[in-house]
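Trainee: FYI, the numbering used here numbers position 176 of the sequence shown as 388, with every residue one higher than the one before it.
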Amino acid sequence: MGANMSTEIAVDKLRGVLDIVRLANAENELDTLLALVPEQACALLEADRAALYLVDKAAGEVYSAFAVGLADKTIRLKLHQGVTGMVAGTGNSILLTDAYADPRFYRGVDEVTGYRTKQILCVPIKNRRGEILGVLELLNKRTGDFTPADEEVLSLLATQMGIAMANAQLYEGLRTSLDRLSRLMKIGAAISSELDLDSLLRTISQTTSHLLQAERSTVFVVDSVKNELWSRVAEGLGNKEIRIPLSAGIAGLVANTGNPVRISDAYQDPRFNPEVDKKTGYQTRSILCIPMRNRRGQVIGVFQVLNKRDGEFTPLDEQLLASLSSQAAVAVENAKLYEEVQRTLVEDLGAEKAARLRDIEPKPLASASIAQVH
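#1: Looking at the structure shown, is Gly320 part of a helix, part of a strand, or coil, going by DSSP?
#2: By DSSP's criteria, Gln516 is part of a beta bridge. Which residues make up the other side?
#3: Does the beta carbon of Gly342 sit closer than 8 Å to a beta carbon anywhere in chain D?
#4: Excluding sequence positions up to five away, which residues of its chain have a Cβ less than 6 Å from the Cβ of Val335?
#5: Please list the terminal residues of the continuous beta strand (DSSP E) segment that includes Gly597.
#6: Quick one: give me the first and last residue of the alpha helix (DSSP H) that Leu291 is part of.
#7: Determine the contact status of Val181 and Arg261, defining contact as a CB-CB distance below 8 Å.
#8: In terms of residue numbering, what span does the alpha helix (DSSP H) encompassing Leu441 cover?
#9: Count the other C-beta atoms from every protein chain shown that fall within 10 angstroms of the C-beta of Gly326, then say buried if there are 16 or more, exposed otherwise.
#10: Assign Ala255 to buried or exposed, taking buried as 16 or more other Cβ atoms, counted over all protein chains shown, within 10 Å of its Cβ.
#11: Would the segment 353 to 361 count as touching the segment 371 to 385 if we require 3 or more Cβ pairs under 8 Å?
#12: Are Leu441 and Val514 touching if we call contact CB-CB under 8 Å?
#13: Taking the beta strand (DSSP E) that Val274 belongs to, which residues open and close that run?
#14: Using only CA atoms, which one of Leu533, Ser476, Pro472, Asp435 lies nearest to Leu458?
#15: Going by beta-carbon coordinates alone, are Glu524 and Pro472 separated by less than 8 Å?
#16: Take Lys491 and list the residues in its own chain whose beta-carbon comes closer than 7 Å to its own, dropping the five residues that flank it on each side.
#17: Can you give me the C-alpha to C-alpha distance between Ile502 and Leu307, rounded to a whole angstrom?
#18: Alpha carbon to alpha carbon, what distance is there between Asp357 and Pro315?
#19: Using DSSP bridges, identify the partner residues of Lys330.
#20: Assign Glu239 to one of two classes, buried (16 or more other C-beta atoms within 10 Å of its C-beta) or exposed (fewer than that).
#21: For Ala300, write down the residues that DSSP places opposite it in a beta bridge.
#22: From the DSSP secondary-structure annotation, give me the bridge partner or partners of Ile375.
#23: Please go through the same chain and pick out, in chain order, the residues whose beta-carbon is closer than 6 Å to the beta-carbon of Leu289, but skip the five residues on each side of it.
#24: Going by DSSP, what residues sit across from Val365 in a beta bridge?
#25: Please report how far the alpha carbon of Arg340 lies from the alpha carbon of Gly301, in whole angstroms.
#26: By alpha-carbon positions, which one of Ser537, Thr526, Asn485 ends up nearest to Asn506?
#27: Is Asp477 helix, strand or coil by DSSP?
#28: Shortest alpha-carbon distance to Thr496 belongs to which of Gln293, Ser429, Asp391?
#29: Taking DSSP as the reference, what is the three-state secondary structure of Leu458?
#30: Can you have a look at Val544 and say buried or exposed, based on whether 16 or more other CB atoms are within 10 angstroms of its CB?
#31: One question on the structure: do Phe484 and Ile454 come within less than 8 Å of each other, judged by their Cβ atoms?
#32: On the three-state DSSP scale, how would you describe Glu220?
#33: What is the C-beta distance between Gln331 and Ala311, in whole angstroms, given that I count them as a contact (C-beta under 8 Å)?
#34: So, helix, strand or coil for Pro250, using DSSP?
#35: Where does Thr324 land, buried or exposed, given buried means 16+ other C-beta within 10 angstroms?
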């Protein structure tokens, strides 16, 4: 009887795992997937609470991406801090039946949430290359303690979770790339028809900020006569003309070398000049700067984009801005040519008008004699 019951429980668990795997593999939305598996695992293994943590490699941390039964707070832990951080750092599962009796347990999360952790089952989520993507964690089993069999079930779910996450990220990346390509084509069409230079620079700056999810964007144009970079359009700084030496700052560096610059922490980079921030009160965090070349390969301007809203600028952002800069360079050259033609035309018309005025200028009348009058 006992053996049959254990077999039935095992079969039910296996069915539950297969159901979760099927749901996970059918889900392409990453956010939905991050919620789906912890919820299902919590129910399947009769846990009181569940959480899914993701690894932030740049910060050396793990953070809660989804939690069942916890307040809507993001929890961040250093790698190797507490049970969660240790699993994320080592890639090994941990099962505790008495959390507060184990020195690896970090009580800080309970203190923040007001929850009392008794048992923990924590397993790593890895991709196909064995890289640790995150951690799947269950707290306080409702009936007894977590068992090695529970650990096997959760590890199996975590393995499938890693595969599903990779697929969802691939799908999300593809969708993002297609969306950006579509927007890039629209931007190209918009700027190619604009001949007013100020309007063109304004359109390029605004669309670039939107496209890259950045706070500010400026297009600098090279003035080779004065050896300066100038712009009459800079987001957040009004419509005053800005002129800087061609050798100044990150923009000047890019203009001189023709090489792009991508900085994730401006104040940690010796090439960054903080004086502009001091004058404007703005806080620069991240920078992406790309040269703008004409058909002959000459640098005629520089794109400078500041402070990505959701992290740091990526190689994909750099590629996207480089593609946009090629289209923008053609549009800027056309607008400059149009502006020059207009200025020449005005000057020619002014000279012609002056010449005409000289031609029709009244001449003094000769004195008429009395004989002529009569």
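Note that beta-carbon positions come from the ideal geometry of N, C-alpha and C, so glycine has one too. These numbers come from a predicted model, not from an experiment.
Mentor: Walking through what the data contain:
#1: helix
#2: Thr430, Cys501
#3: No chain D appears in the structure shown, which is made up of a single protein chain.
#4: Ser305, Leu348, Leu366, Ser367, Ala370
#5: Outside the shown range of the chain (213 to 586) lies residue 597, about which nothing can therefore be said.
#6: Premise fails: Leu291 is in no alpha helix (DSSP H) and is neither H nor E.
#7: For residue 181 there is no data in the structure shown, the boundaries of the chain being 213 and 586.
#8: Segment 440 to 443 is the beta strand (DSSP E) holding Leu441; no alpha helix (DSSP H) there.
#9: exposed
#10: exposed
#11: no
#12: yes
#13: 273 to 280
#14: Asp435
#15: no
#16: none
#17: 50 Å
#18: 19 Å
#19: In the DSSP output, where bridge partners are listed per residue, Lys330 has none listed.
#20: Unreliable placement is indicated for Glu239, whose pLDDT of 49 sits below 50; no coordinate value is reported for it.
#21: Answer by DSSP bridge pairing: none, since Ala300 is not bridged.
#22: None, per the DSSP bridge assignment.
#23: Val274, Thr296, Gly297
#24: Looking at the DSSP assignment, Val365 forms no beta bridge with any residue, so it has no partner.
#25: 17 Å
#26: Ser537
#27: coil
#28: Ser429
#29: coil
#30: buried
#31: no
#32: Its pLDDT being 47, under 50, Glu220 is placed unreliably by the model, and the measurement read from it follows with that caveat. It is helical.
#33: 7 Å
#34: helix
#35: At residue 324 the sequence reads Val, which differs from the Thr that was named. Per the 10 Å Cβ criterion, exposed.
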